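Here's the structure we're looking at; comments come further down.
In the working numbering, the protein residues as written are 4 to 233.
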């Protein structure tokens, strides 16, 4: 009788161990199926946050043009005092102090680069079309010169070493333009499910899928030639 009870106990123990292994295997399979979906949802949330930030920046750029007789800000001014970059002009509308640290609107949540120390200050995930926001020039362009504001790109994700200092009076490598072909432009950031978010003068935010959409097909997106201007 004791021998039989011992066998029953051993059988029960073996069955419980097998059952546990099966449960572990099922959990592992489910985790393998769910993790990609969770990562996709997380990436979508980051892309949405990035879209909202670009929309906010475009709003401030339009506010600047509204306040300055339709002129667009310069990419960088050669002379003068005060904010010298388009980021500095936007910063005025953000109502941040010149030494403020809350500049998260300039950083995409999917941008994993870290902030540099010392001379270089805050990260910048977005770059402006240098054909609109002139670089080191006294000449400024007017917003109404853009013939197709819904298609022309003002801002976009761009992966490069872009920083601006705490006073927002200087910046480095903060403009792009005249890109011959996006297929040969590795700096453009394609981080949102192989798409790059874009901000447009009409106020909307879109996206382009790169590098399958070369800019040479529509020059008015990128350059000051062709059908874009009156």
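Heads up, the beta-carbon is just placed ideally off N, CA and C, and yes, glycines get one too. It should be emphasised that the depicted structure is a prediction, and the values quoted were computed from it without experimental measurement.
**Study point:** residue 45 and residue 64 closer than 9 Å at C-beta
**Key:** no
Practice item. Compare the beta carbon distance of residue 157 and residue 204 with 9 Å and say whether it is the shorter of the two. Key: yes
Point to revise | Extent of the continuous alpha helix (DSSP H) to which residue 94 belongs | key: From DSSP, the alpha helix (DSSP H) with residue 94 extends over 89–97.
Check your understanding: Using DSSP with H/G/I as helix, E/B as strand and the rest coil, what is residue 201?
Key -> strand
Exercise for review: Decide if residue 196 is buried, meaning its Cβ has at least 16 other Cβ atoms within 10 Å, or exposed.
Suggested key: exposed
Exercise for review: Starting from the Cα of residue 200, find the closest Cα among 70, 56, 149 and give me that residue.
Suggested key: 56
**Study point:** Cα-Cα separation between residue 160 and residue 114, rounded to whole angstroms
**Key:** 9 Å
Point to revise | Cα-Cα separation between residue 211 and residue 42, rounded to whole angstroms | key: 21 Å
**Study point:** Strand pairing of residue 160, partner residues [DSSP]
**Key:** 129
Check your understanding: If you run the structure through DSSP and keep just helix, strand and coil, what is residue 63?
Key -> Correct three-state label for residue 63: helix.
Practice item. For the beta strand (DSSP E) holding residue 209, just list the boundary residues, first then last. Key: 208–212
Review point. Buried or exposed: residue 90, going by 16 or more other Cβ atoms within 10 Å of its Cβ?
Key: buried
Practice item. Return the Cβ separation of residue 68 and residue 146 in integer angstroms, given the expectation that the two are a contact with Cβ distance under 8 Å. Key: 5 Å
Check your understanding: Helix or strand or just coil, what does DSSP make of residue 194?
Key -> coil
Review point. Across which residues does DSSP place residue 74 in a beta bridge pair?
Key: 145
Point to revise | Neighbourhood of residue 52 by C-beta distance below 6 Å, restricted to the same chain and skipping five residues each side | key: 112
Exercise for review: Tell me whether residue 54 is buried or exposed, calling it buried when 16 or more other Cβ atoms sit within 10 Å of its Cβ.
Suggested key: buried
Check your understanding: Quick one: Cα of residue 202 to Cα of residue 209, how far?
Key -> 6 Å
Review point. Can residue 151 and residue 50 be called in contact, C-beta distance under 9 Å?
Key: no
Exercise for review: Figure out for me which residue from 143, 48, 75 has the closest Cα to the Cα of residue 194.
Suggested key: The shortest C-alpha to C-alpha distance from residue 194 to any of 143, 48, 75 is the one to 48.
**Study point:** Helix, strand or coil at residue 58 [DSSP, three-state]
**Key:** helix
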